[in-house]
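Just so we're aligned: the sequence shown equals residues 1074 to 1207 in the numbering used here. Where is the CB? At the ideal position from N, CA and C, for every residue including glycine. I have placed the structure first, in the form of structure tokens, so that the comments after it can refer back to it.
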Amino acid sequence: GLFYTKEQAEQTMEEKGYKFVEDSGRGYRRVVPSPMPINIVELDSIETLIKHGTLVIAAGGGGIPVVKEEGNYKGVDAVIDKDKTSALLAAHLKSDQLIILTAVDYVYINYGKDNQEALGEVTVDEMNQHIADG
């Protein structure tokens, strides 16, 4: 999202009730919930396209968060994580593999903190422990 000055963030908070946090000295950013994705609305369409040999690019932005109310979808202020959405899509499609490409050199623990540590080669058990540790 956009970066705001402190004054812009305070004014927008007052006018719209949005919540902002300071982001690594770069300015203030609006924060919204980031719920786990639980469903992919377009799953049937994605499956149909795949069955007909179409290369489908989906879940790259995480999707537009919606809730179903009275039979209709309604957008909500939230951010859906693209990697978690991709994993959900892969599970629904019973994919053999899920490959996530990124422009960083390593997977890190404590990313962006003073005690950041790059991980080289790790086992599944080690990764599960890092996940459990938060």
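By the Cβ neighbour-count rule, Pro1106 is exposed, with fewer than 16 other Cβ atoms within 10 Å of its own. Taking the Cα of Val1152 as reference, the smallest distance to any Cα among Phe1076, Glu1142, Leu1174, Gly1134 is reached at Gly1134. Each of Phe1093, Glu1143, Asp1154, Val1104 was checked against the Cα of Ile1113, and the nearest Cα belongs to Asp1154. Within 10 angstroms of the beta-carbon of Tyr1179 lie fewer than 16 other beta-carbons, which makes it exposed.
When DSSP states are grouped into helix, strand and coil, Ala1191 belongs to the strand group. Annotation for Arg1103: Gly1074, Tyr1091, Phe1093 place their beta carbon closer than 6 Å to its own, counting only its chain and skipping 5 residues before and after. Taking a 10 Å sphere around the C-beta of Tyr1077, we find 16 or more other C-beta atoms and assign the residue as buried.
In its chain, beyond the 5 residues on either side, Ile1153, Thr1158 have a beta carbon closer than 6 Å to the beta carbon of Gly1136. Here Ala1160 is actually not in contact with Leu1174; their C-beta atoms are around 14 Å apart, not less than 8 Å. Contact check for Glu1120 and Leu1192: beta-carbon distance about 34 Å, past the 8 Å limit, so the pair fails to qualify. In the DSSP annotation of this structure, the continuous segment of the alpha helix (DSSP H) that includes Ile1123 starts and ends at 1116–1124. Burial check for Leu1162: the Cβ neighbour count within 10 Å reaches 16 or more, so the residue is buried.
Around the CB of Ala1164, fewer than 16 other CB atoms lie within 10 Å, so the residue is classed as exposed.
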